[in-house]
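Heads up: the structure comes next, in structure tokens.
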Amino acid sequence: MQRSAALWITGAFRTSPTGGVEALAGLPPINLLLRRLSERADYWFATLTPTHPVRAFLSRFNCGTIALHPSLSIQTMSEPEIFRTSGTLFESNTNVLALTETLLPMNRLSRPGGRLMDRFADQVHFDDCKISRGDADKELKQRTKHLDKLRDKISENIGTYYAGTDARTDASLPLSGRYQAIAASILFSGGVERWHARHVADKVTAPDAELYAIRSAIVNATLRDDCTDIFIFTDSM
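Position 174 (the sequence shown) corresponds to 172 in our numbering; numbering is contiguous.
Okay, here's the thing in structure tokens:
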């Protein structure tokens, strides 16, 4: 089914390799897609509140603060019964124990209205670099002129910090632990460099690495007492 969709999207020949046309069409292999969906379903159990009714059917390690069901809980089953029984509850009950990250059901950052852009939308600005397919030299000159003018204007304002962010990834690199994405950011105020950093972003996509760089710059700027406005220069909006 997925091969047929990939051939239709790319217009490739029917004799084309399945993996190649799926990659060109941007379709992940179906087995990897199903495994990712299964893992996410497992880890959703970690986000349940301690008193969620579903926890009553899990084992005592994952029941939270709710009482286990007297007859339908996994805890009441013997090991042979558990071994012979399959299902989402049994898989999640086992796989969620391998989760090393703490997930909070009511995380402070997940509350609408409490994020940085919700509270200070007028003080955080993004200047996106949009490149078209026109005259490259002309666009470069216009872009340079725009940035110089904007930088001079920002530098005159005391308390305004501006940051440049970038990320480097290469999907053509082999699957090796030696090659990872890099996120970099630099912070200025009053025309003077205040801070810069480079971070190893692990094996992530270019948008994820760019978001890491943007977050790093914004977090550092918000830690400064004299910061009143933030400008972010990026090419990945």
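For every residue, glycine included, the Cβ atom is placed at its ideal position computed from N, Cα and C.
Just so it is clear, the structure is predicted and the values come from calculations on it, not from any experiment.
In DSSP terms, what residue i is bridged to
{"i": "Trp193", "result": "Leu185"}
{"i": "Ile180", "result": "Arg166, Val198"}
Inter-residue Cα distance where the pair is residue i and residue j
{"i": "Gly189", "j": "Leu145", "result": "13 Å"}
{"i": "Leu209", "j": "Met75", "result": "46 Å"}
{"i": "Phe247", "j": "Leu31", "result": "Absent from the model: residue 247. The displayed extent of the chain is -1 to 235, so no value can be given."}
{"i": "Leu46", "j": "Phe186", "result": "42 Å"}
{"i": "Cys225", "j": "Ala195", "result": "19 Å"}
{"i": "Ser2", "j": "Arg33", "result": "21 Å"}
{"i": "Thr220", "j": "Val122", "result": "10 Å"}
{"i": "Arg213", "j": "Asp164", "result": "11 Å"}
{"i": "Cys127", "j": "Phe231", "result": "8 Å"}
{"i": "Ala161", "j": "His197", "result": "15 Å"}
{"i": "Thr63", "j": "Gln73", "result": "15 Å"}
{"i": "His50", "j": "Ala181", "result": "39 Å"}
{"i": "His67", "j": "Leu95", "result": "20 Å"}
{"i": "Phe59", "j": "Arg106", "result": "25 Å"}
{"i": "Asn29", "j": "Tyr177", "result": "25 Å"}
{"i": "Ala169", "j": "Leu25", "result": "Any reading at Ala169 is ruled out, since the residue's pLDDT is 49, under 50, leaving its predicted position unreliable."}
{"i": "Leu102", "j": "Lys151", "result": "42 Å"}
{"i": "Pro110", "j": "Phe124", "result": "21 Å"}
Simplified DSSP state of residue i, which is helix, strand or coil
{"i": "Gly55", "result": "Note on identity: in this sequence residue 55 is Phe, with Gly being the wrong assignment. Of the three classes helix, strand and coil, the one that applies to Phe55 here is helix, per DSSP."}
{"i": "Phe231", "result": "strand"}
{"i": "Ser161", "result": "Looking at the sequence shown, residue 161 is not Ser but Ala. Correct three-state label for Ala161: strand."}
{"i": "Asp125", "result": "strand"}
{"i": "Arg12", "result": "coil"}
{"i": "Ile7", "result": "helix"}
{"i": "His246", "result": "Past the edges of the chain, shown from -1 to 235, lies residue 246, and the structure says nothing about it."}
{"i": "Leu102", "result": "coil"}
{"i": "Phe118", "result": "coil"}
{"i": "Ser214", "result": "helix"}
{"i": "Gly24", "result": "coil"}
{"i": "Thr203", "result": "coil"}
{"i": "Ser63", "result": "According to the sequence displayed, residue 63 carries Thr and not Ser. Coil."}
{"i": "Arg109", "result": "coil"}
Interface flag, residue i vs chain B, CB-CB below 9 Å
{"i": "Ala165", "result": "As a matter of chain content, chain B is missing from the structure shown, which is built from one protein chain."}
Next item on the list: Spell out a yes or no on whether the stretch 31 to 42 and the stretch 91 to 111 are touching, meaning 3 or more CB-CB pairs, one atom from each, closer than 8 Å.
Entry: Yes, the stretch 31 to 42 is in contact with the stretch 91 to 111.
Check: Does the count of Cβ pairs from the stretch 214 to 230 and the stretch 150 to 163 closer than 8 Å reach three?
Finding: Touching, yes.
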